[in-house]
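**Q** Following this message is one structure expressed as structure tokens.
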Amino acid sequence: MSPTAAAIAAISGGTTTVAVPSGSAGGSGMGGPGGSANGKQKNRQGKTVRLNINARERRRMHDLNDALDELRSVIPYAHSPS
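For the sequence shown, the numbering used here assigns the number 181 to the initial residue and increments by one for each residue that follows.
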């Protein structure tokens, strides 16, 4: 598993499957003919992963904000600056 895939798995809290073309060791991606089709597929996969990470972070922040709102309703608030 590549370091990027391991980081994604650690962030997601589960396992993540990452497709790596055979014969590729994470190089520059500049290959022979047909490289643009692979590049488009990589971009699509990268966008999907990024969208999933963003959605997970958005959910996490909503949950955190909800928890803080509940806490604010329980803790008294002093209106003085001290």
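Cβ coordinates follow ideal geometry from the N, Cα and C atoms, glycine included.
Could you give the distance in angstroms between the alpha-carbon of L244 and the alpha-carbon of H259?
**A** Each residue's alpha carbon lies about 24 Å from the other.
**Q** In this structure, how does DSSP classify I255 when only helix, strand and coil are distinguished?
**A** Here I255 sits in coil by DSSP.
**Q** Tell me the rounded alpha-carbon separation between R240 and V254.
**A** Spanning the two alpha carbons is a distance of roughly 22 Å.
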